[in-house]
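Residue numbers (my numbering): 31 to 377.
As structure tokens, this is what we get:
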């Protein structure tokens, strides 16, 4: 389903396919070229890398794009976007069917199924969304060798909506919206536990777990990682499980999964973050069998990218798309809904 609205707001947000950095110059900052300023603060940031970011319009001071010779002043708020470097391998077109929600000459919106990797990497070099896209669409714009047309991504076992650019203009225009917080992303999640409040906000920098590099961790004091903000709202309660709507302000890797774990509400059946373990203190036999059956119905983390909104790159119209929950999540929710109605009988 598509809804339209006008949107004149200009804020800041993130795109997971890029490295993001933000700084605020202190009150004693003397005028200093921004390329040198950033080289002193970002590890492995070469002058060429910074100059390329400036050329692409990806260095902002006080929400305005600047050139590499800009002089940083006291209290300047600086945001930088670096494209991740490409990996060396050959992309192969593959005849994989796509669930296309919307398409025009500038972009398409795809409903990705759970289990599909978005782009090649880390041992997944076939069967990805990118392999399918380059089969069905020629001459997609490149942001790097392995990610033609890709503006953002979602995890392999997360289902839901993605926007793909078909032109260079659309790629640049859409990418900046994800960086600038003008895109809209809402997810539906099933999480462990009950909430005292109906809604709330999780803040805290997200970075690689210091011991388990496959996990992301939350650093609430900002001592490590990158700023991340997630807003959540309770949709429905099912006893030991709650369905929540999560709205992203930033787009960090595993953001919802890490933030929900941080506040004690790990996603249901999220193996990487411990969500495949039954809630402590609730292991009575009938309940355990019920949860095991739900795990079989939904053999992945319970997360779906339900709503995606952005400004069209040529018309300027704000477009919003929504996606129905996939059958595995729907069936699992119905099981929990029935359980919540008859909780005493099951226990």
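Quick reminder that beta carbons are idealized off the backbone N, C-alpha and C, glycines included.
Q) Per DSSP, residue 276 is paired with what? A) 217 and 262
Q: Say yes only if the C-beta of residue 369 is nearer than 7 angstroms to one or more non-hydrogen atoms of the ligand PLP, and no if none qualify.
A: Ligands in the displayed structure: none, and consequently the ligand PLP is not present.
Q.
Between the alpha carbons of residue 211 and residue 372, how many angstroms are there, rounded?
A. 43 angstroms
Q.
Between the alpha carbons of residue 95 and residue 167, how many angstroms are there, rounded?
A. Roughly 32 angstroms separates the two Cα atoms.
Q: Quick one: residues in its chain with C-beta nearer than 7 angstroms to the C-beta of residue 207, no 5 flanking neighbours on either side, listed in chain order?
A: Apart from sequence neighbours up to five positions away, the residues of its chain that approach residue 207 with a beta-carbon distance below 7 angstroms are 213, 340 and 341, ordered along the chain.
Q) Helix, strand or coil: how does DSSP classify residue 335 here? A) strand
Q. Using the C-alpha atoms, what's the distance from residue 120 back to residue 175?
A. Confidence at residue 175 is low in this model, with a pLDDT of 45, below 50, so the placement of that residue should be treated as unreliable; the coordinate-derived value is given next. The straight-line gap from Cα to Cα measures roughly 9 angstroms.
Q | Integer-rounded CB distance, given that residue 143 should sit under 8 angstroms from residue 205 | A | Actually they are not in contact, since the Cβ atoms of residue 205 and residue 143 sit about 24 angstroms apart, beyond 8 angstroms.
Q) If you follow the alpha helix (DSSP H) that residue 371 is part of, which residue opens it and which one closes it? A) Unbroken alpha helix (DSSP H) run through residue 371: 357 to 371.
Q) Considering only the beta carbon of each residue, do residue 237 and residue 255 sit closer than 8 angstroms? A) yes
Q) For residue 70, which of helix, strand or coil comes out of DSSP? A) coil
Q: Specify the secondary structure class of residue 267 as computed by DSSP and reduced to three states.
A: strand
Q: Give the secondary structure of residue 100 by DSSP, where H, G and I count as helix, E and B as strand, and everything else as coil.
A: The answer is coil: DSSP assigns residue 100 none of H, G, I, E or B.
Q) Got a sec, what are the start and stop residues for the beta strand (DSSP E) residue 235 sits in? A) 235 to 238
Q. Looking at the structure shown, is residue 164 part of a helix, part of a strand, or coil, going by DSSP?
A. helix
Q) Does the Cβ of residue 329 have 16 or more other Cβ atoms within 10 Å, making it buried, or fewer, making it exposed? A) With fewer than 16 other Cβ atoms inside 10 Å of its own Cβ, residue 329 counts as exposed.
Q.
In this structure, how does DSSP classify residue 286 when only helix, strand and coil are distinguished?
A. helix
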